[in-house]
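Engineer: From first to last, the protein sequence lines are chains A and B.
For the first sequence, the numbering used here begins at 1 and goes up steadily by one.
For the second sequence, the numbering used here begins at 134 and goes up steadily by one.
Number of protein chains: 2
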Amino acid sequence: MTTDSSDSSDSSGPGSSADASVERVAPLPPFQPPYYVVVFTSLRTDEDAGYGETAGRMADLVREVPGFLGVESARTPGGLGITVSYFESEEAIAEWRRQVEHRAAQERGRAEWYESFSVHVSKVERSYGFVRE
Amino acid sequence: MTTDSSDSSDSSGPGSSADASVERVAPLPPFQPPYYVVVFTSLRTDEDAGYGETAGRMADLVREVPGFLGVESARTPGGLGITVSYFESEEAIAEWRRQVEHRAAQERGRAEWYESFSVHVSKVERSYGFVRE
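1) Evaluate the contact criterion for the segment 215-230 of chain B versus the segment 188-207 of chain B: three or more CB pairs, one atom per stretch, below 8 Å.
2) Assuming A/Val-38 is part of the beta strand (DSSP E), what are its boundary residues?
3) Closer than 9 Å, CB to CB, is A/Arg-24 near chain B or not?
4) Between the Cα of A/Glu-47 and the Cα atoms of A/Val-39, A/Ala-111, A/Val-124, A/Gln-32, which residue gives the shortest distance?
5) Check distances from the C-beta atoms of the segment 173-207 of chain B to those of chain A and list, in chain order, the residues that come in under 7 Å.
6) For A/Ser-89, go through chain B and note every residue whose CB falls closer than 8 Å to its CB, in chain order.
7) To the nearest angstrom, report how far apart B/Glu-223 and B/Lys-256 are at their CA atoms.
8) Under 9 Å between beta-carbons, which chain B residues line up against A/Arg-110? List them in chain order, please.
9) Taking the alpha-carbon positions, what's the A/Ala-55 to A/Ile-82 distance?
10) Return helix, strand or coil for A/Ala-74, following the three-state DSSP convention.
11) Cβ closer than 9 Å: which chain B residues qualify as neighbours of A/Glu-107?
12) For B/Trp-246, which residues in the same chain have their Cβ closer than 7 Å to its Cβ, ignoring the five residues on either side in sequence?
13) From B/Tyr-261, B/Gly-211, B/Glu-266, pick the residue whose C-alpha is nearest to that of B/Pro-167; which is it?
14) Using a Cβ-Cβ cutoff of less than 8 Å, which residues in the same chain neighbour B/Tyr-169 once the five nearest sequence positions on both sides are dropped?
15) So which residues on chain B does A/Ile-126 lean against when the C-beta distance must stay under 7 Å?
16) Under 9 Å, Cβ to Cβ, is there at least one residue of chain B near A/Val-84?
17) Note down the Cα distance separating B/Arg-208 from A/Arg-75, rounded to an integer number of angstroms.
18) Ordered along the chain, which non-local residues of its own chain (more than five positions away) have a Cβ less than 6 Å from that of A/Asp-4?
19) Mind listing the chain B neighbours of A/Glu-115? Cutoff is C-beta to C-beta under 7 Å, in chain order.
20) Thinking C-alpha only, which one of B/Val-264, B/Arg-259, B/Val-252, B/Phe-263 is nearest A/Pro-30?
21) Rounded to whole angstroms, how far is the Cβ of B/Ser-249 from the Cβ of A/Phe-117, which I believe are closer than 8 Å?
22) Compare the C-beta of B/Val-170 with all C-beta atoms of chain A and state if any pair is closer than 9 Å.
23) Quick one: Cα of B/Gln-232 to Cα of B/Gln-239, how far?
24) To the nearest angstrom, how far is it from the Cα of A/Leu-80 to the Cα of B/Ser-175?
25) Determine, using beta carbons only, whether A/Val-39 and B/Val-172 come nearer to each other than 9 Å.
26) Does DSSP classify B/Tyr-184 as helix, strand or coil?
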């Protein structure tokens with residue numbers, strides 16, 4: 001983590017939503033296939049040290065990846081977390097996988113923050129949406 | 134809805150988890166690709182009438198679909214819901230889409246329960262998992 005890493009999750013901008021992964025309410029609209037979704041489901045440990053800052057930093061960093069489309073995240077009271085990340089291409093996913101700070105965060109995730117997780121890398125074949133009028 | 138429909142979400146069995154979509158904590162393990170994920174993201178309306186029973190009934194019904202692998206669901210305090218359903222094949226998804234009670238529930242969802250939603254039907258190309266030892 002750099003010395004900038006705590007900025008992302010703690011500072012609040014003009015809007016009320018400082019952390020999009022927690023406070024965002026409306027679903028992202030469907031994109032035009034083909035595109036990719038990475039479904040990350042997880043159960044956290046009780047270890048919170050560094051988690052919030054790192055999650056915020058990762059949310060900032062992934063937005064710099066060319067071909068990143070968006071991310072949505074929710075967690076049940078029982079502890080199951082679901083994060084869905086949307087990318088234009090496999091190459092965009094590969095670039096995010098190679099990102100150095102992201103690799104370090106993943107390593108720390110396995111060492112400290114996650115009891116278990118699953119990752120499903122998927123190509124979207126069909127998408128649709130509904131918005132109440 | 135049939136007269137059986139309220140059983141699923143209100144009755145509790147010997148375990149403490151009557152509604153797997155809310156109380157489940159551990160992520161499903163990755164399956165062997167290829168398989169399919171249907172990502173459903175939503176924002177609810179304030180209309181709750183019938184929603185819980187129908188959700189419970191759908192959770193029961195989908196388990197009867199040949200090729201259904203599992204479902205995971207979470208919602209943020211801000212109202213964003215994410216449900217990920219796993220299927221062995223496109224044919225399994227098609228069968229679930231044709232299910233008569235499911236179609237009626239979807240119609241009621243658009244009429245009453247959802248402010249907006251997005252659906253991403255995706256083929257999993259790669260999956261992996263981690264379990265702490």
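All C-beta atoms, glycine included, are put in the ideal place defined by N, C-alpha and C.
Structural biologist: Walking through what the data contain:
1) yes
2) Within the first sequence, the letter at position 38 stands for residue 38 of chain A. That run of the beta strand (DSSP E) goes 35-44.
3) Residue mapping note: residue 24 of chain A aligns to position 24 of the first sequence, counting from 1. Residue confidence for A/Arg-24 is low, a pLDDT of 44 falling below 50, so the modelled location carries little weight; the figure read from the coordinates is stated next. By this cut-off, A/Arg-24 is an interface position.
4) Position 47 of the first sequence, counting from 1, holds the residue named residue 47 of chain A. Considering only alpha carbons, the answer is A/Ala-111.
5) Thr-174, Ser-175, Leu-176, Glu-205, Ala-207
6) Walking along the first sequence from the start, residue 89 of chain A turns up at place 89. Chain B residues near A/Ser-89: none, gap ~12 Å exceeds 8 Å.
7) Indexing the second sequence from 1 puts residue 223 of chain B at position 90. Indexing the second sequence from 1 puts residue 256 of chain B at position 123. Rounded to the nearest angstrom, the two C-alpha atoms are 9 Å apart.
8) The residue given as residue 110 of chain A occupies position 110 in the first sequence. Those within 9 Å of A/Arg-110 in chain B are Phe-263, Arg-265.
9) If you number the first sequence from 1, residue 55 of chain A lands on position 55. If you number the first sequence from 1, residue 82 of chain A lands on position 82. When rounded, the distance between both Cα atoms is 14 Å.
10) In the first sequence, residue 74 of chain A corresponds to position 74, counting from 1. It is a strand residue.
11) On the first sequence, residue 107 of chain A is found 107 positions in, with the first residue counted as 1. What A/Glu-107 touches in chain B: nothing, since even the nearest Cβ is about 11 Å away.
12) As a position in the second sequence, residue 246 of chain B is number 113, starting the count at 1. Answer for B/Trp-246: Arg-177, Thr-178, Glu-180, Tyr-184, listed in chain order.
13) As a first step, residue 167 of chain B must be located in the second sequence, where it is residue number 34. Looking at the Cα atoms, B/Tyr-261 is the closest of the given residues.
14) Working through the second sequence from its first residue, we reach residue 169 of chain B at position 36. Around B/Tyr-169: Tyr-219, Phe-220, Glu-221, Ser-222, Glu-223, Ala-225, Ile-226, Val-254, Ser-255, Lys-256, Val-257.
15) Position 126 of the first sequence, counting from 1, holds the residue named residue 126 of chain A. Before going further, note that residue 126 of chain A is Arg rather than Ile in the sequence given. Here the neighbours are Val-254.
16) As a position in the first sequence, residue 84 of chain A is number 84, starting the count at 1. Interface residue, yes.
17) Within the second sequence, the letter at position 75 stands for residue 208 of chain B. Within the first sequence, the letter at position 75 stands for residue 75 of chain A. If you take the alpha carbons of B/Arg-208 and A/Arg-75, they lie about 6 Å apart.
18) Here residue 4 of chain A is taken as the residue at index 4 of the first sequence, counted from 1. Any answer about A/Asp-4 is weak, because its pLDDT of 35 lies below 50 and its placement is not dependable; what the coordinates show is given next. The answer is none, since no qualifying residue turns up.
19) Here residue 115 of chain A refers to the residue found at position 115 when the first sequence is read from its first residue. In chain order: Arg-265.
20) Counted from its first residue, the first sequence places residue 30 of chain A at position 30. Answer by Cα proximity: B/Val-252.
21) Here residue 249 of chain B corresponds to residue number 116 of the second sequence, with the count starting at 1. Here residue 117 of chain A corresponds to residue number 117 of the first sequence, with the count starting at 1. About 28 Å; that fails the 8 Å criterion.
22) Working through the second sequence from its first residue, we reach residue 170 of chain B at position 37. For B/Val-170, the answer is yes, since a Cβ of chain A falls inside 9 Å of its Cβ.
23) Position 99 of the second sequence, counted from the start, is the residue given in the question as residue 232 of chain B. Position 106 of the second sequence, counted from the start, is the residue given in the question as residue 239 of chain B. One C-alpha to the other measures close to 11 Å.
24) The sequence position of residue 80 of chain A within the first sequence is 80, counting from 1. The sequence position of residue 175 of chain B within the second sequence is 42, counting from 1. About 17 Å.
25) Locating residue 39 of chain A in the first sequence gives position 39, counting from the first residue. Locating residue 172 of chain B in the second sequence gives position 39, counting from the first residue. Yes, they are a contact pair.
26) Residue numbering aside, residue 184 of chain B sits at position 51 when the second sequence is read from its first letter. Of the three classes helix, strand and coil, the one that applies to B/Tyr-184 here is helix, per DSSP.
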